[in-house]
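One structure below.
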Amino acid sequence: EAGVAQSPRYKIIEKRQSVAFWCNPISGHATLYWYQQILGQGPKLLIQFQNNGVVDDSQLPKDRFSAERLKGVDSTLKIQPAKLEDSAVYLCASSLPGGLAGVETQYFGPGTRLLVL
Amino acid sequence: GIQVEQSPPDLILQEGANSTLRCNFSDSVNNLQWFHQNPWGQLINLFYIPSGTKQNGRLSATTVATERYSLLYISSSQTTDSGVYFCAVVCPAGGTSYGKLTFGQGTILTVHP
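Protein chains in written order, with my numbering: chain A, 1 to 117; chain B, 1001 to 1113.
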């Protein structure tokens, strides 16, 4: 079974530029998550989708970050404009939809390493 | 929100040694997962263990939900076990942490040959 796919694997941009990351979840997984992992810390949830609807985006900096999952499968996370503090690894995860939120095992992709100069 | 604390923060072992990593959490949970993040950044699922004990090869985990802690045991460690081990939990209904997988700060494990 194929895992969660992400691209690109690495990205270097200058501050105030824009960047986009792509994620393809495990086939059949209706729930998709984007996490931000700053060096030396655990991942932090940015946004959670159930099919193409947003379940939780309370920790997404909406002035510069946006995400979409138009057809309920692939997802794109965008940052515009980027700041130095956005340098991090951006992880995508997916899971089956559980009867209770969050009870299903989450599977992570390899991540995109972003460096903002 | 829920607090997740892992100990020790760093651990250095010789190949073949055993170790125990601990995860304490501040509230009841309905999901607890242990992950290994390898040196390339990939998060690999080790266990889904909101309660009880599970074993997988040289690894085993125990969660005592009533006392709000989980332990990850690594026996006969190998250099490939090096990396960061994360504990992550999800709270049941209510509160700002509901439904979110909240990670601890991780334990950095280095296994020398």
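All residues carry an ideal CB built from backbone N, CA and C; glycine is no exception. Keep in mind that this is a model prediction, so the values were computed, not measured.
Cβ-based burial, residue i [other Cβ within 10 Å; buried from 16]
i: residue 62 of chain A; result: exposed
i: residue 84 of chain A; result: exposed
i: residue 35 of chain A; result: buried
i: residue 1047 of chain B; result: buried
i: residue 1057 of chain B; result: exposed
i: residue 1097 of chain B; result: Only weak support is given to the placement of residue 1097 of chain B: the predicted model assigns it a pLDDT of 49, under 50, and the question is left unresolved by the model.
i: residue 1037 of chain B; result: buried
i: residue 1109 of chain B; result: buried
i: residue 1088 of chain B; result: buried
Residue-chain proximity (residue i, chain A), Cβ-Cβ < 8 angstroms
i: residue 1048 of chain B; result: yes
i: residue 1100 of chain B; result: yes
i: residue 1041 of chain B; result: yes
i: residue 1005 of chain B; result: no
i: residue 1105 of chain B; result: yes
i: residue 1002 of chain B; result: no
Within chain A, the residues that residue i reaches when beta carbons sit closer than 7 angstroms
i: residue 1086 of chain B; result: 42
Residues that residue i contacts on chain B, provided the C-beta gap is smaller than 9 angstroms
i: residue 105 of chain A; result: 1031, 1033, 1045, 1048
Neighbour flag for residue i against chain B, beta carbons, 8 angstroms
i: residue 110 of chain A; result: yes
i: residue 73 of chain A; result: no
i: residue 113 of chain A; result: yes
i: residue 89 of chain A; result: yes
i: residue 61 of chain A; result: no
* Start-end ranges of the beta strand (DSSP E) lying completely within the segment 1022–1074 of chain B, minimum 3 residues -> 1031–1037, 1043–1048, 1052–1056, 1059–1064, 1069–1074
By the 9 angstroms beta-carbon criterion, what residues does the segment 39–57 of chain A contribute toward chain B? 40, 41, 42, 43, 44, 45, 48, 55, 56
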